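Student:
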Amino acid sequence: MPLAASTAVYCPRELRRVLTAICTAAAPFEAVAVLGGRLDGTQVHLTACMPLPNVAGAADRFAVDPTAFAHREAALRAAGRAFVGFLHSHPGNRPSPSQSDRDELWRDCVHVIAGGGPHHWRLRAFVAARHGLRATHWRYWPR
Ligand SMILES: [Zn+2]
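Just so we're aligned, residue 103 is where the sequence shown starts under my numbering, counting upward by one.
1. Looking at C-alpha atoms only, which residue of I124, L154 and R140 is the closest neighbour of R174?
2. Comparing alpha-carbon positions, which option in H222, E116, Y242 and T109 lies nearest P193?
3. Should G197 go down as buried or exposed, given a rule of 16 or more other Cβ atoms within 10 Å for buried?
4. Any chance you could list the residues with Cβ under 5 Å from a heavy atom of ligand 1, keeping chain order?
5. Kindly indicate which residue of V214, A180, L207 and D162 has the alpha-carbon position closest to the one of C113.
6. Count the other C-beta atoms from every protein chain shown that fall within 10 angstroms of the C-beta of T169, then say buried if there are 16 or more, exposed otherwise.
7. Look at G159 and F188 and say whether their C-beta atoms are less than 7 Å apart.
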């Protein structure tokens with residue numbers, strides 16, 4: 103799924119509550135979750151978010167079990183949604199990619215990073231393209 107740096111990510115306000123609840127539940131460790139939705143040109147519309155266990159169990163990094171990921175991805179497809187990327191959190195820190203994020207995050211998908219917490223999170227979206235992570239437009243709807 104090639105994504106342009108100009109991609110805009112649209113998050114329903116109701117879904118935002120799901121994303122932040124996942125981050126709060128995982129704190130003080132990093133949360134990680136798969137994001138489902140649909141790709142429409144340069145717009146990604148988020149419609150689902152399902153948490154994954156952070157098998158790194160750490161406050162400054164995350165790791166995903168491949169079998170757990172495969173199950174979530176299949177569940178998204180069964181619900182008629184596509185895997186579009188990941189949510190992860192930076193508890194007590196900024197919603198900006200860390201060096202390990204820049205080095206290791208999957209390319210060609212959306213990465214939403216939630217910073218702050220444990221009760222108030224700031225969310226930003228990034229697109230991991232061939233040449234690295236780029237901040238992209240993050241929009242709520244209804245506005
Ligand atoms: Zn990170």
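We treat Cβ as the ideally placed atom computed from N, Cα and C, and that holds for glycine. None of the values given here were measured: they were computed from a predicted structure.
Tutor: Quick answer:
1. L154
2. H222
3. Contrary to the premise, residue 197 reads as Pro rather than Gly in this sequence. Under a 10 Å Cβ-count criterion, P197 is classified as buried, with 16 or more other Cβ atoms of the shown protein chains found around its own Cβ.
4. S200 and D203
5. Distance check between C113 and each of V214, A180, L207 and D162 places V214 closest, using alpha-carbon atoms only.
6. exposed
7. no
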